[in-house]
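Asks: So the sequences go chain by chain: A, B and C.
All residue numbers for the first sequence refer to full-length UniProt numbering, where the first residue is 1 and numbers rise by one.
All residue numbers for the second sequence refer to full-length UniProt numbering, where the first residue is 1 and numbers rise by one.
All residue numbers for the third sequence refer to full-length UniProt numbering, where the first residue is 1 and numbers rise by one.
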Amino acid sequence: MSTSPMNMTRQPALLGTSGIIFLAVLVAVSVLVPVLNLAVAPDSAVHVPTYVVSLLGKYLTYALLALSVDLIWGYVGILSLGQGAFFALGGYAMGMYLMRQIGTRGVYGDPVLPDFMVFLNWKELPWFWYGFDMFPFAALMVLLAPGLLALVFGWFAFRSRVTGVYLSIITQAMTFALLLAFFRNDMGFGGNNGLTDFKDILGFNIQADGTRLVLFVLSALALALGYVLCRFLVRSHFGKVLVAIRDAETRVRFTGYRAENYKLVAFVVSAMLAGIAGALYVPQVGIINPSEFSPANSIEIIVWVAVGGRGTLVGAALGAVLVNYAKTYFTSGILAPYWLFMLGGLFVAVTLFLPKGIVGTFYEWREKRRQHDDIPDEPLATPRPAE
Amino acid sequence: MTSSARLSRLPRVLCAALALLFAAALVQRVEAQDISAALGQLTTNKYDDTEAALGALALSGSPAAAGIVSALADGKLFFGGTPPRVFIEGTGGALLDPLTMQPVADAPAVKPVRVNNRIRRAIDAASGALSLVSLDAAKRREAALAVGRSRDEAALPALEMALGKETDPKVKSAMNLARASILIGKEGITPAERIAAVELVGAEGNQDALAILRSVPESAAPEVKQAAAAAIEGIERNLALWGVAQNVWYGLSLGSVLLLAAIGLAITFGVMGVINMAHGEMVMLGAYTTYVVQEVIRTSYPGLFDASLLIAIPLAFVFTGLIGVLIERTVIRFLYGRALETLLATWGISLILQQAIRTIFGPTNREVGAPSWMSGSFEIGHLSITSGRLWIIVFALMVFFALLATLRLTRIGLEMRAVTQNRRMAASMGIRTNWVDAMTFGLGSGIAGMAGVALSQIDNVSPNLGQSYIIDSFLVVVFGGVGNLWGTLVGAMTLGVANKLLEPYAGAVLGKISLLVIVILFIQKRPRGLFALKGRSIEA
Amino acid sequence: MTATATLAPATAELATAEPAPAAKKELTEALLYLDAVTVTFDGFRALNALSFTVDPGEMRAVIGPNGAGKTTMMDVITGKTRPDRGDVFFDGGITDLTKLDETQIATLGIGRKFQKPTVFENHTVLDNLRLALKGQRRALPNIFRRESAAARERIDEIFETIRLTEHRDRLGGALSHGQKQWLEIGMLLAQDPKLLLVDEPVAGMTDAETAQTAELLRAINANGHSVVVVEHDMTFVRDLGVRVMCLHEGSVLAEGTLDQVSANERVIEVYLGR
Ligand SMILES: Nc1ncnc2c1ncn2[C@@H]1O[C@H](COP(=O)(O)OP(=O)(O)OP(=O)(O)O)[C@@H](O)[C@H]1O
Ligand SMILES: [Mg+2]
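Here you go:
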């Protein structure tokens with residue numbers, strides 16, 4: 001009948017050690033990179049050229065994307081093979097805003113219609129392009145477009161209890177359907193070529209070094225906030241239910257929780273995070289086209305998370321950066337033809353030999369070392385290797 | 001497109017050649033006076049006379065007439081000498097007598113019979129009319145159909161003449177139809193005659209008949225127009241039905257392709273529960289096996305080309321089957337019970353296989369030819385059926401039933417089912433579960449390889465071949481109900497037909513998208529597919 | 001087939017033993033009311049016109065050979081399996097359970113312990129109880145939920161009852177089989193249901209533990225919870241000392257005290273085989 005004091009100390013901190021390290025690294029990077037880009041002479045060894053800034057910015061958006069996958073795969077057991085679709089939708093929302101900013105500077109100089117519409121002989125703007133000339137509206141769409149798709153899709157899927165590989169397959173079919181749709185010219189999203197040739201964003205030249213730096217820092221900020229949000233979610237009572245669903249969904253239902261609603265909330269949040277990642281990605285790479293919807297892209301995200309460590313959040317971000325750095329490194333050199341061998345091998349090797357990923361394995365090792373330590377602040381719940 | 005143009009030219013060329021042959025063979029029976037007047041007209045060097053001569057030749061019924069007309073068409077008809085005579089230039093420039101086709105001994109100096117556009121038209125009409133009296137029934141029918149299509153009133157006398165002589169009922173009905181087609185638009189015939197013609201054409205019931213019926217002149221009597229409208233409506237209804245039937249056929253054809261692609265997956269996914277994302281690459285390897293077989297045949301045994309597919313099928317089965325066993329032994333067996341991990345690992349394998357093929361054979365499409373028995377087509381009613389597609393359907397069904405029989409009737413099939421249902425029990429009864437796993441996976445992969453042989457005939461053989469099938473295959477298996485082969489068959493055919501029936505309304509891409517959406521919705525309604533297995537094994 | 005045919009008169013006898021108005025009374029007074037419930041799996045009848053009632057505050061033991069349909073009965077009550085035919089009412093006939101899903105039924109106050117113990121393996125024992133504890137179940141409010149002092153107290157209470165206090169920080173998956181059984185009972189307690197369905201709670205326990213479990217269940221029952229216990233262990237059933245119902249081939253074969261039931265010829269026949 002007495003209240004045990006232990007009972008109150010159990011809640012892990014919002015940021016564990018690795019979380020603090022992670023955020024510290026992000027802060028350091030977003031201070032260092034601009035300094036090395038602006039304040040250091042271009043011929044210096046430590047100078048960071050602008051194209052590298054954008055490259056790093058791209059990695060950060062990928063890390064956010066991976067984080068969004070980890071939230072649902074690592075903690076709810078939803079292996080979405082269509083996460084790229086949410087990323088792309090966010091990207092298209094941003095791309096549409098950027099297209100409208102071009103104005104008369106396009107090849108055809110039409111004040112309203114983007115070039116590809118003039119080229120297709122369209123006379124007026126389709127209704128779904130309305131409002132995208134206003135940044136707040138576009139920003140809202142960055143969240144709403146992926147969020148709504150996830151809401152509708154998830155509502156159907158989770159309510160009818162599509163789980164496991166079945167869910168994976170229909171998410172893949174979803175992104176495939178969108179891929180086909182966005183390839184069509186008459187969809188009004190630039191067809192095959194997508195949206196590109198952007199000029200400026202919020203009045204700033206999109207090619208300018210300063211803009212690039214701001215975008216980079218914003219990406220780091222988004223990643224940090226995304227991390228804190230995910231971390232907040234998974235350590236809440238809500239997050240515990242998520243993990244419970246991952247491990248024993250039936251039991252959760254018999255305990256009185258509506259598992260589908262929990263999954264739906266997580267799925268929608270995850271889709272919105274992916275959308276934000278896409279929106280930050282587009283201005284930094286300067287193009288968005290339907291290939292972002294390709295199933296291969298989505299499945300690649302999974303391997304980032306698997307490499308870093310599923311269900312660890314930090315690992316997902318780390319995995320995204322590592323794999324993409326490797327990709328950049330190998331695809332630009334003489335090793336380019338072998339990149340797909342390596343990527344394929346990575347899929348196999350990680351699942352066979354490193355099922356917990358880098359960070360997960362590290363946690364396990366640390367856990368073993370301080371077996372007697374009373375209060376592990378991590379992991380919240382490293383998943384079993386099985387689904 | 002070009003091939004169809006070539007096809008339509010074919011009968012004319014054939015016709016001319018055959019006519020020459022027959023003319024030579026039957027030369028004794030020729031009654032020269034029949035066409036001598038016409039021959040005389042060809043020597044006056046006047047277009048009017050030439051045209052009149054062509055008309056006379058067309059109606060003459062003389063076996064030599066066809067040769068003369070075609071010589072004129074080819075610019076090989078000459079005249080000269082005193083009295084002026086007509087000659088045909090034979091091979092090597094020798095002048096031949098138009099009636100006997102024998103070289104003339106004392107060839108005079110000659111000039112070609114001149115041809116202008118008017119004459120050319122007359123030549124076409126004459127050679128059409130002459131075909132109507134050809135000795136070959138098929139050719140006569142062809143000519144009658146051509147006349148019917150052209151609806152040239154000028155051909156009416158020739159047609160009626162030929163109709164009088166005709167004995168073959170099929171040819172006769174074609175000629176009657178042609179006559180009716182001409183009569184429908186002809187001035188100055190009685191309404192009763194015209195209605196009879198309308199009904200005759202209406203009974204034909206095809207697209208051509210529609211066009212003819214639509215051309216009933218405004219001035220025609222109301223009852224004629226009514227009859228035409230009724231006939232048009234009937235034909236349109238009929239054609240719409242045939243159109244649906246044709247789409248169903250296309251759908252079955254697509255369905256059999258889906259079945260081929262999915263059936264191996266039905267084994268690995270449905271029976272073993274292994275998500276093999278490299279399944280598409282097994283199909284691709286099968287297609288490349290076909291390519292290699294054909295290359296070897298081309299360079300070393302050209303005579304065997306028609307057998308290339310038959311050789312490739314077992315080779316592809318064995319080759320991809322072995323690759324499958326290799327994958328199972330080295331990767332998949334460590335991942336049983338971990339479906340999502342298997343999915344990732346096999347995806348990695350698929351990347352490796354694709355890149356391997358790209359490295360060996362290059363990224364571009366490889367040419368795989370069709371053996372003669374795979375090409376060509378025929379018609380049933382208004383259905384056009386290509387042999388290649390037909391064979392693929394037959395092949396898909398053969399593979400399906402062979403697999404069914406293997407699972408039902410053979411020892412290994414029994415062991416596979418036993419292992420699926422209760423692995424530990426099977427193991428304790430002395431079944432080598434490891435071996436059965438490898439065999440099952442090999443079987444699924446081998447079937448995918450055989451599918452690749454068939455798909456090499458209708459799709460581009462490139463490293464990406466498999467990618468385009470993997471999603472569809474999964475949908476088929478899931479849609480049909482996992483673990484149920486009949487479900488896979490029904491699922492594949494349903495999706496194939498649904499796709500082709502949607503296409504006319506939505507277009508190819510939108511049709512495909514809407515189908516994906518429909519399947520997604522369906523899976524959400526019935527997560528276990530059409531023919532769900534009810535039981536505990538599924539829930540575990 | 002012949003077995004069901006011979007069984008039919010016996011069940012009919014049971015059903016007609018009471019006069020018709022009593023059936024109505026039964027419905028309005030019963031906490032749980034099953035009438036003519038039939039479940040088939042691919043033609044196999046797992047439940048065959050099963051009828052029985054559980055009164056408020058009652059504890060009932062259910063026995064029966066393997067495959068008798070005991071677990072299936074619980075599946076039907078908790079909404080996991082839909083019956084092909086028959087009525088399942090809860091709370092004096094107010095709610096028709098066949099129209100509700102698992103979550104709704106759980107929220108109504110029916111808790112279940114599974115035959116194969118299922119706890120949340122990657123959560124600590126404490127978190128397992130926290131998740132089960134009666135309270136907010138909706139998704140969004142649970143993001144910002146804070147644990148109340150009352151909740152903490154209640155959890156400590158339960159810990160004492162199920163004697164797992166020193167294991168509270170271990171992962172659920174690390175517990176022994178018996179401990180998992182206890183944890184699951186603890187989770188049931190935390191849910192505070194009106195009716196507890198307990199499927200084979202003492203499988204894998206020592207004799208002492210079995211006795212303790214019987215004691216625990218009796219205590220739970222004494223606190224006003226209705227309990228339905230499925231168990232093969234006759235010593236345990238005897239320890240419970242409650243009304244026993246024997247299922248066979250999906251119907252009630254006999255009902256009464258354990259001695260009455262075990263003296264029943266048909267029950268003996270079923271258990272010893274023909
Ligand atoms: N989902 C299902 N699919 C097919 N058959 C089922 C299913 N669930 C139960 N059964 C069958 O129904 C019958 C009753 O099963 P049930 O689990 O209710 O028995 P039980 O009385 O709980 O047995 P035990 O004492 O062994 O736990 C069994 O023959 C079982 O095989
Ligand atoms: Mg049971």
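Glycine is no exception: its CB is placed at the ideal position from the N, C-alpha and C atoms.
Model, not experiment: these values are computed from the prediction.
Please look up how many angstroms separate the CB atoms of Val241(A) and Thr312(A), rounded, as I've assumed it's under 8 Å.
Replies: Here residue 241(A) refers to the residue found at position 241 of the first sequence. Here residue 312(A) refers to the residue found at position 312 of the first sequence. Not confirmed; about 19 Å, so no contact.
Asks: Between Gly321(B) and Gly466(B), which are expected to be in contact by the criterion C-beta below 8 Å, what is the C-beta distance as a whole number of angstroms?
Replies: Reading the second sequence from its first residue, position 321 is the one you call residue 321(B). Reading the second sequence from its first residue, position 466 is the one you call residue 466(B). Actually they do not touch by this definition, with Cβ atoms about 16 Å apart.
Asks: Comparing C-alpha positions only, which one of Ala88(A), Leu67(A), Gly77(A) sits nearest to Ala259(A)?
Replies: For the purposes of this step, residue 259(A) is taken as the residue at position 259 of the first sequence. Nearest C-alpha to Ala259(A): Gly77(A).
Asks: When a residue counts only if its C-beta is closer than 7 Å to some heavy atom of ligand 2, which residues count, in chain order?
Replies: Working through the chain, the matches are Lys70(C), Thr71(C), Gln115(C), Asp199(C), Glu200(C), Val230(C).
Asks: With distances taken Cα to Cα, identify the nearest neighbour of Ile313(B) among Asp124(B), Phe395(B), Pro103(B), Leu403(B).
Replies: Locating residue 313(B) in the second sequence gives position 313, where the first residue counts as 1. Cα-wise, what sits closest to Ile313(B) is Phe395(B).
Asks: Report yes or no: do the stretch 108-122 of chain C and the stretch 203-216 of chain A share at least 3 C-beta pairs separated by less than 8 Å?
Replies: No, the stretch 108-122 of chain C is not in contact with the stretch 203-216 of chain A.
Asks: Name the two residues that bound the continuous alpha helix (DSSP H) containing Phe361(B).
Replies: The residue labelled residue 361(B) in the question sits at position 361 within the second sequence. Here the alpha helix (DSSP H) through Phe361(B) covers 339-361.
Asks: Can you determine whether any heavy atom of ligand 1 sits closer than 7 Å to the C-beta of Phe236(C), and answer yes or no?
Replies: In the third sequence, the residue the question calls residue 236(C) occupies position 236. No, since every heavy atom of ligand 1 falls outside the 7 Å radius drawn around the Cβ of Phe236(C).
Asks: Since Lys61(C) sits in a beta bridge, which residues does DSSP pair it with?
Replies: Here residue 61(C) refers to the residue found at position 61 when the third sequence is read from its first residue. Position check: residue 61(C) holds Ala in this sequence, whereas Lys was assumed. DSSP, once it has assigned bridges, lists Val229(C), Val244(C) as partnering Ala61(C).
Asks: Under 9 Å, CB to CB, which of the residues in the stretch 275-300 of chain B have a partner in chain A?
Replies: Taking 9 Å as the Cβ-Cβ cut-off against chain A, the residues of the stretch 275-300 of chain B that qualify are Ile275, Met277.
Asks: Looking at Ala49(C) and ligand 1, is the gap between the Cβ and the nearest heavy atom below 7 Å?
Replies: Sequence index remark: in the third sequence, residue 49(C) carries index 49 (1-based). For ligand 1, not one heavy atom lies less than 7 Å from the Cβ of Ala49(C).
Asks: Going straight from the alpha carbon of Leu215(A) to that of Phe330(A), what length do you get?
Replies: Within the first sequence, numbered from 1, the residue matching residue 215(A) stands at position 215. Within the first sequence, numbered from 1, the residue matching residue 330(A) stands at position 330. Roughly 26 Å between the two C-alpha positions.
Asks: Looking only at its own chain, which residues have a Cβ that is under 7 Å from the Cβ of Leu14(B), when we skip the five neighbours before and after it?
Replies: Here the question's residue 14(B) lines up with position 14 in the second sequence. In this prediction, Leu14(B) scores a pLDDT of 42, lower than 50, which makes its location untrustworthy; no coordinate-derived value is stated.
Asks: Closer than 8 Å, CB to CB, is Ile169(A) near chain B or not?
Replies: Counting from 1 along the first sequence, the entry for residue 169(A) is found at position 169. Answer yes: the Cβ-Cβ gap between Ile169(A) and chain B drops below 8 Å somewhere.
Asks: Return no unless some Cβ of chain B is closer than 8 Å to the Cβ of Leu346(A).
Replies: Numbered from 1 along the first sequence, position 346 holds the residue referred to as residue 346(A). True, the Cβ-Cβ gap to chain B drops below 8 Å.
Asks: Taking the beta strand (DSSP E) that Pro112(B) falls in, what are its first and last residues?
Replies: As a first step, residue 112(B) is located in the second sequence; it is residue number 112 there, counting from the start. It spans 110-112 - the beta strand (DSSP E) in which Pro112(B) sits, taken as one unbroken run.
Asks: Report the rounded CA-to-CA distance for Val292(B) versus Ser350(B), giving the unit in angstroms.
Replies: Counting from 1 along the second sequence, the entry for residue 292(B) is found at position 292. Counting from 1 along the second sequence, the entry for residue 350(B) is found at position 350. Taking the straight line joining both Cα atoms gives about 20 Å.
Asks: Our contact map puts Ala130(B) next to Val69(B) with C-beta atoms below 8 Å; I'd like the distance itself, whole angstroms only.
Replies: As a position in the second sequence, residue 130(B) is number 130, starting the count at 1. As a position in the second sequence, residue 69(B) is number 69, starting the count at 1. This sequence places Leu at residue 130(B); Ala is not what is there. About 6 Å separates the two Cβ atoms, so the contact holds.
Asks: Please determine, among Ala137(B), Pro527(B), Arg118(B), Ala146(B), the residue with the shortest C-alpha to C-alpha distance to Gly128(B).
Replies: Numbered from its first residue, the second sequence carries residue 128(B) at position 128. Of the listed residues, the one whose Cα sits closest to Gly128(B) is Ala146(B).
Asks: Excluding sequence positions up to five away, which residues of its chain have a Cβ less than 7 Å from the Cβ of Glu215(C)?
Replies: Locating residue 215(C) in the third sequence gives position 215, where the first residue counts as 1. Cβ neighbours of Glu215(C) beyond the five flanking positions: none.
Asks: With 7 Å as the C-beta to C-beta threshold (strictly closer), list the residues of the stretch 398-431 of chain B near chain A in chain order.
Replies: Cβ contacts with chain A: none found.
Asks: Which class does Phe78(B) belong to by DSSP, given the choice of helix, strand or coil?
Replies: Within the second sequence, residue 78(B) is the residue found at index 78, counting from 1. DSSP places Phe78(B) in strand when its eight states are reduced to three.
Asks: Is Ala46(C) close to ligand 1? I mean its beta-carbon at under 7 Å from any heavy atom of the ligand.
Replies: Mapped onto the third sequence, residue 46(C) falls at position 46. Within the cutoff, so yes.
Asks: If you measure from the CB of Gly57(C), is any heavy atom of ligand 1 nearer than 7 Å?
Replies: Looking up residue 57(C) in the third sequence gives position 57. No, the Cβ of Gly57(C) stays beyond 7 Å of every heavy atom of ligand 1.
Asks: Compare the C-beta of Phe90(C) with all C-beta atoms of chain A and state if any pair is closer than 8 Å.
Replies: For this step, residue 90(C) is matched to residue 90 along the third sequence. So, not an interface residue.
Asks: Just reading off the alpha helix (DSSP H) that Leu65(A) is part of, what are its end residues?
Replies: As a working note, residue 65(A) is residue 65 in the first sequence. Element bounds for Leu65(A): 50-76.
Asks: Would you say Val142(A) lies against chain B (beta-carbon separation less than 8 Å)?
Replies: Along the first sequence, read from residue 1 onward, the residue named residue 142(A) stands at position 142. It does not: the Cβ of Val142(A) has no partner Cβ on chain B nearer than 8 Å.
Asks: Against chain A, with Cβ distances strictly below 8 Å, would Ile352(B) count as a contact?
Replies: Indexing the second sequence from 1 puts residue 352(B) at position 352. Yes, Ile352(B) counts as interfacial toward chain A.
Asks: Interface residues of chain C around Gly256(A) at Cβ under 8 Å?
Replies: As a position in the first sequence, residue 256(A) is number 256, starting the count at 1. Those within 8 Å of Gly256(A) in chain C are Thr103, Ala106, Thr107, Arg137, Gln191.
Asks: Ignoring anything shorter than 4 residues, give me the alpha helix (DSSP H) runs that lie fully in the stretch 98-144 of chain C, in order along the chain.
Replies: Listed in chain order, the complete alpha helix (DSSP H) runs (minimum 4 residues) inside the stretch 98-144 of chain C are 102-108, 125-132, 139-143.
Asks: Quick one, are the C-beta atoms of Ala58(B) and Gln41(B) less than 8 Å apart?
Replies: Residue numbering aside, residue 58(B) sits at position 58 when the second sequence is read from its first letter. Residue numbering aside, residue 41(B) sits at position 41 when the second sequence is read from its first letter. No; because the gap between Cβ atoms is not below 8 Å, this pair is not in contact.
Asks: Just curious, the beta strand (DSSP E) that Ala46(C) is in, first and last residue?
Replies: To locate residue 46(C), count along the third sequence from 1; it is residue 46. Its beta strand (DSSP E) spans residues 44-54.
Asks: Measuring only from the beta carbon, is Ala68(C) closer than 7 Å to any heavy atom that is part of ligand 1?
Replies: Reading the third sequence from its first residue, position 68 is the one you call residue 68(C). It does: the Cβ of Ala68(C) is within 7 Å (strictly closer) of some heavy atom of ligand 1.
Asks: Quick one: what does DSSP say Glu166(B) is sitting in, helix, strand or coil?
Replies: As a position in the second sequence, residue 166(B) is number 166, starting the count at 1. DSSP places Glu166(B) in coil when its eight states are reduced to three.
Asks: Compare the Cα-Cα distances from Met94(A) to each of Phe119(A), Leu143(A), Tyr325(A) and report the closest residue.
Replies: Position 94 of the first sequence, counted from the start, is the residue given in the question as residue 94(A). Checked all of Phe119(A), Leu143(A), Tyr325(A); the closest Cα to Met94(A) is Leu143(A).
Asks: So, does the CB of Thr78(C) fall closer than 8 Å to a CB anywhere in chain A?
Replies: Counting from 1 along the third sequence, the entry for residue 78(C) is found at position 78. Closer than 8 Å: yes.
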